[in-house]
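In the numbering used here, the protein residues as written are 36 to 413. A virtual CB, placed ideally from N, CA and C, is assigned to each residue, including glycine.
Okay, structure coming up:
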């Protein structure tokens with residue numbers, strides 16, 4: 036029988052992991068099942084554009100993975116039983132031998148507040164904004180990347196609205212001095228006012244308080260105090276060796292010892308690391324545990340402006356900053372590149388598909404290396 040790998044979630048992390056597994060492992064030995072409730076891949080890092088009235092292309096997962104060994108299973112994940120190695124999908128269960136959890140995160144928005152952490156939410160905000168008349172107020176709560184991108188996108192597309200932004204620690208205060216100066220100049224140019232506290236508004240957009248899926252906390256897996264699955268350097272669960280976690284669902288240690296933050300820039304390297312480790316272990320090789328790190332932060336400020344903040348490995352801003360149209364073009368290239376990599380999974384490296392195996396003289400299911408488990412090979 037084939038070794039069954041189940042990937043939960045088809046966002047940036049899950050889709051990359053599934054595609055890379057299909058390129059690394061021989062389809063005669065493995066079965067890769069990708070479970071996702073939405074039939075399409077959603078470009079989450081562009082949802083502020085969707086909310087502001089721009090149309091994004093639909094990217095059906097069946098088209099993306101057509102002709103690949105990845106089997107798509109449209110379903111809502113309602114539970115994980117790590118002891119029995121099963122995933123609960125409503126009223127049914129499916130077994131796994133290796134599991135990759137990539138269920139992402141959501142925004143803890145207060146009742147009556149809008150957010151842009153899902154396509155459905157972005158479309159609701161888009162509809163509400165279309166109902167506003169000139170001079171009405173939109174309040175964006177938060178001072179991070181999502182808040183900055185959402186407020187500038189809305190202000191640029193609807194200059195007739197009064198856009199306000201509020202954050203307890205200020206807006207973009209972690210950026211370098213040069214980047215902060217450009218950000219403040221852009222907010223001023225777009226007539227976005229930073230206010231000290233929340234106030235009445237026709238529409239409030241909540242962009243703070245991201246949380247991991249609660250499914251992991253009830254699965255028997257070891258999770259962090261915020262519900263992310265604790266993993267080692269190969270993205271494998273520290274409590275259950277058959278489970279890997281990537282993206283916002285994983286608590287992976289960064290170069291400074293803190294968990295990597297929830298972002299696409301962290302999710303994709305985690306997905307590559309997990310897929311490579313799974314392939315290495317299943318094919319009888321030693322899984323590498325290379326350190327994760329940061330390189331920079333790309334921030335869009337509408338369609339024609341942006342900031343590229345180069346950072347240290349532990350995410351501290353450096354004095355190197357790109358701003359304006361050039362930064363906007365770089366951000367567009369990054370967003371388009373991430374989507375292209377997912378849209379054409381068989382065109383990315385590595386592409387050598389290896390057979391899974393047990394080491395000579397070792398019991399079935401092991402590689403013959405201490406602590407390296409290849410799963411239940413049959």
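Do residue 378 and residue 135 have their CB atoms nearer than 8 angstroms?
Mapped onto the chain shown, residue 378 falls at position 343. Mapped onto the chain shown, residue 135 falls at position 100. Their beta carbons are not under 8 angstroms apart, which means residue 378 does not touch residue 135 by this criterion.
Indicate whether residue 294 and residue 263 have their beta-carbon atoms separated by less than 8 angstroms.
Counted from its first residue, the chain shown places residue 294 at position 259. Counted from its first residue, the chain shown places residue 263 at position 228. Yes, these two residues count as a Cβ contact at 8 angstroms.
Closest to residue 254 by CA distance: which of 260, 49 and 113 is it?
On the chain shown, residue 254 is found 219 positions in, with the first residue counted as 1. Residue 254 has its Cα closest to that of 113, out of 260, 49 and 113.
Inter-residue spacing [alpha-carbon to alpha-carbon] between residue 200 and residue 237
Within the chain shown, numbered from 1, the residue matching residue 200 stands at position 165. Within the chain shown, numbered from 1, the residue matching residue 237 stands at position 202. Going from the Cα of residue 200 to the Cα of residue 237 covers about 13 angstroms.
Of the residues 224, 180 and 227, which one's Cα is nearest the Cα of residue 333?
Stepping through the chain shown from its first residue, residue 333 is reached at position 298. Minimum Cα distance to residue 333 is reached at 180.
Could you give the residue range of the alpha helix (DSSP H) that holds residue 344?
As a working mapping, residue 344 is identified with position 309 in the chain shown. Careful: residue 344 lies outside any alpha helix (DSSP H), inside the beta strand (DSSP E) at 341–346.
Outcome for residue 155 when other beta-carbon atoms lying within 10 angstroms are tallied against a minimum of 16
Counted from its first residue, the chain shown places residue 155 at position 120. Residue 155 is exposed by the Cβ-count criterion.
Inter-residue spacing [alpha-carbon to alpha-carbon] between residue 46 and residue 166
Position 11 of the chain shown holds residue 46. Position 131 of the chain shown holds residue 166. Approximately 30 angstroms, taken between the alpha carbons.
What residue range does the alpha helix (DSSP H) around residue 360 cover?
Residue 360 sits at position 325 when you count from the first residue of the chain shown. Counting along the chain, the alpha helix (DSSP H) containing residue 360 begins and ends at 359–378.
Are the beta-carbon atoms belonging to residue 240 and residue 124 less than 8 angstroms from one another?
Position 205 of the chain shown holds residue 240. Position 89 of the chain shown holds residue 124. Not in contact: residue 240 and residue 124 (Cβ atoms no closer than 8 angstroms).
What first and last residue would you give for the beta strand (DSSP E) that runs through residue 109?
If you number the chain shown from 1, residue 109 lands on position 74. 105–109 is the span of the beta strand (DSSP E), which, as asked, contains residue 109.
Does the segment 187–195 come close enough to the segment 90–103 that 3 or more CB-CB pairs lie under 8 angstroms?
no
Strictly under 8 angstroms for the Cβ-Cβ distance: is residue 289 near chain D by that measure?
Within the model displayed, chain D is absent; a lone protein chain is all it includes.
Touching by the beta-carbon criterion (3+ pairs, under 8 angstroms), the segment 259–277 and the segment 221–238:
no
Got a sec, what are the start and stop residues for the beta strand (DSSP E) residue 241 sits in?
On the chain shown, residue 241 is found 206 positions in, with the first residue counted as 1. That run of the beta strand (DSSP E) goes 238–241.
Report the rounded CA-to-CA distance for residue 170 versus residue 86, giving the unit in angstroms.
Taking the chain shown and counting its residues from 1, the one referred to as residue 170 is at position 135. Taking the chain shown and counting its residues from 1, the one referred to as residue 86 is at position 51. When rounded, the distance between both Cα atoms is 19 angstroms.
Can you check the segment 212–251 for any alpha helix (DSSP H) of at least 4 residues that lies completely inside it and give the ranges in chain order?
212–224
Can you tell me whether DSSP reads residue 288 as helix, strand or coil?
As a position in the chain shown, residue 288 is number 253, starting the count at 1. Residue 288 falls in the strand class under three-state DSSP.
Quick check: what's the CA-CA separation for residue 37 versus residue 66?
On the chain shown, residue 37 is found 2 positions in, with the first residue counted as 1. On the chain shown, residue 66 is found 31 positions in, with the first residue counted as 1. The alpha-carbon atoms of residue 37 and residue 66 are separated by roughly 6 angstroms.
Inter-residue CB distance, residue 215 and residue 207 (contact presumed, cutoff 8 angstroms):
Locating residue 215 in the chain shown gives position 180, where the first residue counts as 1. Locating residue 207 in the chain shown gives position 172, where the first residue counts as 1. Their Cβ separation, rounded to whole angstroms, is 6 angstroms, which keeps residue 215 and residue 207 in contact under 8 angstroms.
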